[in-house]
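Enquirer: Numbering (the working numbering), first residue to last: 1 to 158. Glycine is no exception: its CB is placed at the ideal position from the N, C-alpha and C atoms. As the structure is a computational prediction, the values presented were derived from the model and not from experiment. Have a look at the structure that comes next, please.
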């Protein structure tokens, strides 16, 4: 294990941003980030066996069973656009979440900037694609229609 527990770095980030956090076990920390679209439940987990700091970022979206395959299709389309991390849906309970990880093999220490980059990427991705998930899960739109709606880029000012 690194000289300092990797989650100490994440704790410092949470404190700096005044995000109340829970660390009920040594290898996991969780906190809530308020976004413009939703609140994001963020968890960092130190996986010592494989020497990886894992991030998950979930939001309140449990699509109805009939819409899960459409949401999975949307996840595939979104993941093709991402450079860092990926979206997943937990099959058992249908929770949609964003995941990423930092490998720290050989006792490497994690830098605060690394944690901030994957955290920022997670929240940015969730903010950008949350409306698409809503369109598919609740408005019955296709994955293609939802992607078209979030991929439009506004240019200039009105």
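Could you please give the first and the last residue of the uninterrupted beta strand (DSSP E) stretch that includes residue 114?
Expert: For residue 114, no beta strand (DSSP E) segment is defined; the enclosing uninterrupted segment is the alpha helix (DSSP H) at 112-138.
Enquirer: Going by beta carbon distance, what residues of the same chain come within less than 7 Å of residue 141, once the five residues before and after it are set aside?
Expert: 135
Enquirer: How far does the beta strand (DSSP E) with residue 43 in it reach, from first residue to last?
Expert: 39-47
Enquirer: Under three-state DSSP, which class holds residue 1?
Expert: The predicted model places residue 1 with a pLDDT of 47, which falls under 50 and marks its position as unreliable, so this point remains unresolved.
Enquirer: Over the uninterrupted beta strand (DSSP E) stretch that includes residue 103, give me the two end residues.
Expert: 96-103
Enquirer: In this structure, what does DSSP give as the bridge partners for residue 32?
Expert: 41
Enquirer: Mind the definition here: the segment 69-82 touches the segment 37-54 only if three or more C-beta pairs lie below 8 Å; say whether that holds.
Expert: Contact fails: fewer than three Cβ-Cβ distances are below 8 Å.
Enquirer: Would a C-beta distance cut-off of 9 Å place residue 123 and residue 53 closer than the cut-off?
Expert: no
Enquirer: In whole angstroms, what is the alpha-carbon distance linking residue 110 and residue 6?
Expert: Straight-line Cα distance between these residues: approximately 6 Å.
Enquirer: State the DSSP-derived secondary structure class of residue 7, mapped to helix, strand or coil.
Expert: For residue 7, the secondary structure class from DSSP, reduced to helix, strand or coil, is helix.
Enquirer: For residue 150, collect the residues of the same chain with a Cβ closer than 8 Å to its Cβ; drop the 5 residues on either side in sequence, then sort them by chain order.
Expert: Answer for residue 150: 128, 129, 131, 132, listed in chain order.
Enquirer: Out of 95, 46, 74, 138, state which residue places its alpha-carbon closest to the alpha-carbon of residue 57.
Expert: 95
Enquirer: Closer than 6 Å by C-beta to residue 144: which residues in its own chain qualify, once you throw out the five before and the five after it? Chain order, please.
Expert: none
Enquirer: Tell me whether residue 45 is buried or exposed, calling it buried when 16 or more other Cβ atoms sit within 10 Å of its Cβ.
Expert: Label assigned to residue 45: buried.
Enquirer: Strictly by DSSP, which residues pair up with residue 55?
Expert: 44, 100
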